Amino acid sequence: MKPPILNLVIMLRKDRILLLCLCFLFLQLPAQNAEPSSTDNSAKMEWFANAKLGIFIHWGIYAVNGIPESWSFFNETISHEDYLKQADAFTAKNYRPQDWAALIRESGAQYAVITSKHHDGFALWDSKDKVFNAKRHSPAGRDLLTPFVEALREEDLKVGLYYSLPDWSFEDYTDFTRIQKRYAIEEEPKRWKAFQKYMNAQLVELKKAFDPDLWWFDGDWEHTAEEWDVAGIRELLFKDRPDVILNSRLNGQGDYETPEIGVPVYKPQADFWELCVTMNDSWGYQQNDRNYKSSQQIIDLFVDCLHKGGNLLLDIGPKADGSIPEAQQEILKDLGRWTSKHKEAIYGSKSGIPFEHFMGPTTLSPDNRTLYVFVRDVPKDGKIFLKGINNKIHRAYVVGRGTLLTQKTFYKVYWNKYPGVTYIDIPESEIDEEYTVIGLVLDGEISLFKEETGAVESN
Ligand code: GLC
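Sequential numbering of the sequence shown, starting at 6, is according to this note's numbering.
Structure representation (structure tokens):
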């Protein structure tokens, strides 16, 4: 007879074997009951993630009086009738879509998103549904979208179409102004169906005519996903075009986040995001709004987005005659000077390292072997410093110029593991007007020192 302790050991062993068998069986089971993994859209998002800079364009009849796009009649600061009268002076007589596209290319942007139709319902293309549009209802007298989309493609830029879900001018749409509603869907479901039919027809037209690479929806806040039939919209847009990209303003069911105006303070959690901002305080052209940010401030913002791994969608508001205001052109050109010099630190880059390692913005090359540091100001004693980088820095150079820089590491002793603090010299002759970018070629993939500071280990 075995002693009781031996029996227990055998029992425990049997249990372990049983447990192992169960684990093995479980691993062999097909994963059909598992939760579907979140759709991996990284392949289709590749061009978007690499693009970093896009230009947003708000162009419509609101540029005539220079008043807030659509909102001015919605908020009842002008009557709907008077708002629509602006169409009579929307001439587009100096509209040169090739010049627009060339300027966008020059800025360093890789895509553009244009308002095909804002909340006021004015369509830039020849919308077949006898609706309010540039060709039929303004002296522009032509489809303005087609030549621009063609020009973008000639410049090898991706095409994004902004489309407002709400259409406050359309007789069968629910909302008219902030105070006046036309009807409630529950009371007049047929009317809502009529609106949906109209909206779907427009989306089909846009899809067929322009086959955009990206759809930028807006105004989803006015109805629920069920009311808009977001599922139906998605099905329509993805049909024969599974790689098309949708922004998130489809009741959250898009591919990337779209923070607006507010610059994220912390790195957003989303894999893909795009901050849209105005150059002054208006989306569309407003002659009285001269509150432009400087090119330096726009680049500050762009660099901040790069550091946090997102895109910047920078808005311009062309005038009613189709010309782009001087101040906006200047900003785009300044951006172009800076982006073309620093392309290797921008396009395709990954988000940078924490400020504990470098007190400023950074990005990483796709292979994580080159760290780019962005230096805004002229360093006080001609030096910048980094700390807690385990790698050896093979080479430090000025991006866009190639000048090699000298470096020296301090506080690195043989008796502890701290990588020390590395100072890099930047002669004043190398300083860029906006941001000087320094490339640091590492001895391998970047490795950051993450241990907590402890007592002396040896001496
Ligand atoms: C807001 C506004 C709109 C503007 C858009 C740009 O949603 O309604 O006027 O076009 O932001 O992001």
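Idealized CB from N, CA, C, for every residue including glycine. Everything numeric in this text was worked out from a predicted model, so none of it was measured.
- Look at residue 406 here: in three-state DSSP terms it is coil, with no helix or strand label.
- Counting only the Cα atoms, residue 424 lies some 56 Å from residue 237.
- Within the same chain, and ignoring the five residues on either side of residue 46 in sequence, the residues whose Cβ sits closer than 7 Å to its Cβ are 260.
- Residue 456 sits in coil when the DSSP states are folded into three classes, being neither helix nor strand.
- The Cβ-Cβ distance between residue 436 and residue 388 does not fall below 8 Å.
- Per DSSP, the unbroken beta strand (DSSP E) holding residue 316 starts and ends at 316 to 321.
- Membership of residue 442 in the beta strand (DSSP E) is indicated by the continuous run 441 to 447.
- Counting along the chain, residue 169 sits inside the beta strand (DSSP E) bounded by residues 163 to 169.
- Given a length threshold of 4 residues, each whole run of the alpha helix (DSSP H) inside the segment 145 to 214 is given here in chain order: 150 to 159.
- Counting C-beta pairs closer than 8 Å gives fewer than three between the segment 346 to 359 and the segment 127 to 141, which falls short of the contact rule.
- Within the DSSP secondary-structure output, residue 108 pairs in no beta bridge.
- According to the DSSP secondary-structure assignment, residue 377 is paired through a beta bridge with 368 and 444.
- Closest option to residue 96, judged by alpha-carbon separation, among 141, 58 and 61: 141.
- Here DSSP, grouped into helix, strand and coil, assigns residue 229 to coil.
- Residue 116 sits in a strand when the DSSP states are folded into three classes.
- Judged by DSSP in its simplified three-state form, residue 138 adopts strand.
- Beta-bridge annotation (DSSP): residue 295 is not paired with any residue.
- Counting C-beta pairs closer than 8 Å gives three or more between the segment 284 to 297 and the segment 56 to 71, which meets the contact rule.
- Apart from the 5 residues on each side of it in sequence, residue 281 sits with its Cβ closer than 7 Å to the Cβ of 61, 263, 265, 318 and 320 in its chain, given in chain order.
- Here the alpha carbon of residue 431 sits roughly 12 Å from the alpha carbon of residue 413.
- Within the DSSP bridge table, the entry for residue 59 names 116 and 318 as partners.
- Here residue 171 has 124, 178, 180, 224 and 227 as same chain residues with Cβ atoms under 7 Å from its own Cβ, once five neighbours each way along the sequence are excluded.
- Taking the Cβ of residue 223 as the reference point, at least one heavy atom of ligand 1 falls within a distance shorter than 7 Å.
- Following the DSSP letters along the chain, one finds residue 240 inside the alpha helix (DSSP H) bounded by residues 235 to 243.
- The straight-line gap separating the alpha-carbon atoms of residue 87 and residue 71 is approximately 13 Å.
- When the five nearest sequence neighbours on each side are left out, the beta carbons in the same chain lying within less than 6 Å of the beta carbon of residue 373 are those of 450 and 451, in order along the chain.
- In this structure, residue 59 and residue 114 form a Cβ contact; the two beta carbons are roughly 5 Å apart against a cut-off of 8 Å.
- Boundaries of the alpha helix (DSSP H) harbouring residue 79: 76 to 79, taken from the DSSP string.
- Going by C-alpha positions, residue 220 is about 11 Å away from residue 163.
- Per the C-alpha coordinates, the member of 200, 78, 212 and 326 positioned closest to residue 102 is 326.
- Cβ-Cβ distances below 8 Å link residue 335 to 300 in the same chain, with the five nearest sequence neighbours on each side left out; the list follows chain order.
- Of the candidates 298, 167 and 271, 167 places its Cα closest to the Cα of residue 253.
- Relative to residue 74, the option among 105, 173, 197 and 108 whose CA is nearest is 173.
- Cβ neighbours of residue 215 within its own chain (closer than 6 Å, five residues either side excluded): 154.
- In this structure, the beta-carbon distance from residue 122 to residue 210 does not fall below 8 Å.
- In this structure, the alpha-carbon of residue 81 lies about 48 Å from that of residue 358.
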